[in-house]
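Have a look at the structure below, then the notes.
Number of protein chains: 2
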Amino acid sequence: MLGPHAPVATPEQLAAAREAREAYRGGLVAPTSGVAHGLVQANLIAVPRDWAFETLLFAQRNPKSCPVLEVVEPSADGRVEPRLAPGADLRTDIPAYRVWRDGELVEEVADATAAWAEQPLVAFLIGCSFTFEAGLADAGIPIRHQELGTNVPMYRTARQCEPAGRLSGELVVSMRPIPADRVADAVAISGRFPAVHGAPVHIGDPGSLGIADLGAPDFGDAPEVREGEVPVFWACGVTPQAAIMASRPPFAITHAPGHMMVLDVPDAAYAA
Amino acid sequence: MLGPHAPVATPEQLAAAREAREAYRGGLVAPTSGVAHGLVQANLIAVPRDWAFETLLFAQRNPKSCPVLEVVEPSADGRVEPRLAPGADLRTDIPAYRVWRDGELVEEVADATAAWAEQPLVAFLIGCSFTFEAGLADAGIPIRHQELGTNVPMYRTARQCEPAGRLSGELVVSMRPIPADRVADAVAISGRFPAVHGAPVHIGDPGSLGIADLGAPDFGDAPEVREGEVPVFWACGVTPQAAIMASRPPFAITHAPGHMMVLDVPDAAYAA
Chain A
2 MLGPHAPVAT PEQLAAAREA REAYRGGLVA PTSGVAHGLV QANLIAVPRD WAFETLLFAQ
62 RNPKSCPVLE VVEPSADGRV EPRLAPGADL RTDIPAYRVW RDGELVEEVA DATAAWAEQP
122 LVAFLIGCSF TFEAGLADAG IPIRHQELGT NVPMYRTARQ CEPAGRLSGE LVVSMRPIPA
182 DRVADAVAIS GRFPAVHGAP VHIGDPGSLG IADLGAPDFG DAPEVREGEV PVFWACGVTP
242 QAAIMASRPP FAITHAPGHM MVLDVPDAAY AA
Chain B
2 MLGPHAPVAT PEQLAAAREA REAYRGGLVA PTSGVAHGLV QANLIAVPRD WAFETLLFAQ
62 RNPKSCPVLE VVEPSADGRV EPRLAPGADL RTDIPAYRVW RDGELVEEVA DATAAWAEQP
122 LVAFLIGCSF TFEAGLADAG IPIRHQELGT NVPMYRTARQ CEPAGRLSGE LVVSMRPIPA
182 DRVADAVAIS GRFPAVHGAP VHIGDPGSLG IADLGAPDFG DAPEVREGEV PVFWACGVTP
242 QAAIMASRPP FAITHAPGHM MVLDVPDAAY AA
């Protein structure tokens, strides 16, 4: 929970965030990397109430991949309004959702209101590495998937998370190709944001993470790694989705990878 | 959850921790401040399973007072063994326990095995400010309650925590009188340990925290504030006990304030 003295967004940033959410509410489906520059974005996972403790415990035991920014329960009128984006609604304001039954992806929708009405859910907003991308970009480090207008590539790894009750699964990572002479800067800059995945978990050598083919990500789009660039891997907030695929809770709603919840708080609020 | 490369304790430290826990298991009741110098100590709160989600959520929403180090459930044979102290048992290895019914303290015991057998409980180990006392002492900052051989003074404040479902309550703080010319050092040193309360929440002016009489703490022993010293207040892991008093869950077991669980991990494992 942010304290009363946490940094706040500028009016321009807030306007950009609200405009983006309004567009998503209206049906726009697009990755959010680079949207509302300087504001925090979040992964969503919503589970039935009797899975809430294990989900929160899974996050507590795997803080690098699952940093919890907020836990949100519906209000009496059904709205699911996060304090980190007053006036927003988690059921409609994300560009794309995935609906899961027994661990199977059954539907991808632009509006989750109907799915959300099925049963009482507890929603978790998990930090997203898009948060520190603004810092990387400000330091002149290229963000390839933004340049190309594609989604960041994400990979399931051979590294198991710490389980929590019925929930277990492997670590998911996002990858950005970074020029070799800027890797140390990328470590330092992302390391200043421990609440949104922090420093990379792995640099170079995809094979030792169990990634056989960098060109075939499990989520997002294929990357373009250029001469002189090193693949740098960060823990990814899609990790809870992998846990759902592995652990098969009866029902869940998540964001679609790369299509995040844009919040009203500046990245600086989560800087160490 | 600590990673595989976290700093580990020295054999001497481990021997001191095991000796202390063995003495407590044998019936010794004494405050643990200063015990097993350089190792982490923890607050305990154990609640019925249907209060576990709200307790973990309360901690997530109030991380400064309730930093969760580990969540422990009993194994099949009833043992409650934390990974942070392999071989230990949370039911016996703390010097003194408090048993709560409907928010009322009904018993203080040296062995919680019988109470623990009543119903399935989920135990939370919460960081403790004793952890950074070693750093303060190493920097030559006097720890008054250690000098006097008393328990650290703790106070309920007028500041409300963020509630979580049925759980709410006020912030509890621990207080150490610090020489005015060392207060900044005490801030810097404790600030390096965000996982165990971190920097002070308040310095000087007890009245504005709602503390009417520094000489009458709500938990622990009365302090001795000397000429030239300033009262410095840190968020305290007794905060969940205040939430129990305010929120009245049907049953709970906690440590007795100042009588902590001594763990096997060095303070450095939680340094930022």
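Chain order of the listed sequences is A and B.
Residue numbers in the first sequence follow my numbering, run continuously in steps of one, and reach 273 at the last position.
Residue numbers in the second sequence follow my numbering, run continuously in steps of one, and reach 273 at the last position.
From the three backbone atoms N, C-alpha and C, an ideal C-beta is built for every residue, glycine too.
C-alpha gap between residue i and residue j, whole angstroms
i: Gln-161/B; j: Glu-171/B; result: 4 Å
i: Val-174/B; j: Glu-230/B; result: 18 Å
i: Phe-59/B; j: Leu-168/B; result: 7 Å
i: Gly-238/B; j: Gly-216/A; result: 48 Å
i: Glu-74/A; j: Ala-113/A; result: 15 Å
i: Trp-52/B; j: Arg-227/A; result: 52 Å
i: Arg-99/A; j: Ala-272/A; result: 30 Å
i: Pro-164/B; j: Thr-240/B; result: 12 Å
i: Arg-19/B; j: Val-263/B; result: 9 Å
i: Ala-124/B; j: Ala-115/B; result: 15 Å
i: Arg-157/B; j: Val-69/B; result: 20 Å
i: Val-110/A; j: Ala-118/A; result: 14 Å
i: Glu-82/B; j: Gly-27/A; result: 51 Å
i: Glu-225/B; j: Pro-180/B; result: 12 Å
i: Val-153/A; j: Pro-201/A; result: 15 Å
i: Gly-150/B; j: Met-176/B; result: 15 Å
i: Leu-3/B; j: Val-48/A; result: 26 Å
i: His-146/A; j: Ala-86/B; result: 44 Å
i: Glu-148/B; j: Leu-122/B; result: 37 Å
i: Ile-142/A; j: Val-197/A; result: 18 Å
i: Gln-42/A; j: Ala-21/A; result: 12 Å
i: Gly-88/B; j: Leu-45/A; result: 38 Å
i: Tyr-25/A; j: Ile-144/A; result: 23 Å
i: Phe-54/B; j: Glu-23/A; result: 33 Å
i: Val-36/B; j: Pro-267/B; result: 12 Å
Chain B residues whose Cβ lies nearer than 7 Å to that of residue i
i: Gln-61/A; result: Leu-57, Val-69, Val-72
i: Ala-86/A; result: In chain order: nothing, as chain B lies at least about 17 Å away.
For residue i, the residue or residues it bridges with in DSSP
i: Ser-175/B; result: Met-155/B, Trp-235/B
i: Arg-50/A; result: Paired residue(s): none; Arg-50/A is not in a bridge.
i: Glu-109/B; result: Arg-99/B
i: Met-262/A; result: Ala-43/A
i: Phe-220/B; result: Met-155/B
i: Gln-161/A; result: Glu-171/A
i: Glu-230/B; result: Pro-180/B
i: Thr-255/B; result: Ile-46/B, Arg-99/B
i: His-6/A; result: For His-6/A, which the question treats as bridged, DSSP gives no partner whatsoever.
Limits of the beta strand (DSSP E) - the one that residue i falls within
i: Gly-128/B; result: 122-128
i: Val-184/B; result: Run containing Val-184/B: none in the beta strand (DSSP E); it sits in the alpha helix (DSSP H), 184-192.
i: Glu-71/A; result: 69-73
Span of the alpha helix (DSSP H), counted from its first residue to its last, around residue i
i: Ile-245/A; result: 240-248
i: Ala-146/B; result: It is worth fixing the name first, because residue 146/B is His in this sequence and not Ala. It spans 145-149 - the alpha helix (DSSP H) in which His-146/B sits, taken as one unbroken run.
i: Thr-132/A; result: 131-139
i: Tyr-25/A; result: 12-26
i: Thr-33/B; result: Per DSSP, Thr-33/B belongs to no alpha helix (DSSP H) and is neither H nor E.
i: Ala-115/B; result: 114-117
Proximal residues of chain A, C-beta to C-beta of residue i below 7 Å
i: Phe-54/B; result: Ala-53, Phe-54, Leu-57
i: Ala-257/B; result: Within chain A, no residue comes near Ala-257/B; the closest Cβ sits about 25 Å away, beyond 7 Å.
Contact list for residue i against chain B, beta-carbon separation under 9 Å
i: Ala-273/A; result: Pro-195, Ala-273
C-beta neighbour in chain C for residue i, strict 7 Å
i: Glu-13/A; result: Reference to chain C is not applicable here, since the protein chains of this structure are A and B.
Any 3 or more C-beta pairs closer than 8 Å across the segment 86-94 of chain A and the segment 127-138 of chain A | Because the criterion of three Cβ pairs below 8 Å is not met, the segment 86-94 of chain A and the segment 127-138 of chain A do not touch.
Spell out a yes or no on whether the segment 196-206 of chain A and the segment 26-34 of chain A are touching, meaning 3 or more CB-CB pairs, one atom from each, closer than 8 Å.
-> Segments in contact, no.
Contact the segment 244-257 of chain A vs the segment 5-21 of chain B: 3+ CB pairs below 8 Å = In short, these stretches do not touch, since the Cβ pair count stays below three.
Is the segment 243-251 of chain B in contact with the segment 96-116 of chain B, if contact means three or more CB pairs nearer than 8 Å?
-> Put simply, the segment 243-251 of chain B touches the segment 96-116 of chain B. At least three CB pairs are less than 8 Å apart.
So, do the segment 137-148 of chain A and the segment 173-187 of chain A have three or more beta carbon pairs nearer to each other than 8 Å?
-> As far as the Cβ criterion goes, the segment 137-148 of chain A touches the segment 173-187 of chain A, which means the pair count is three or higher.
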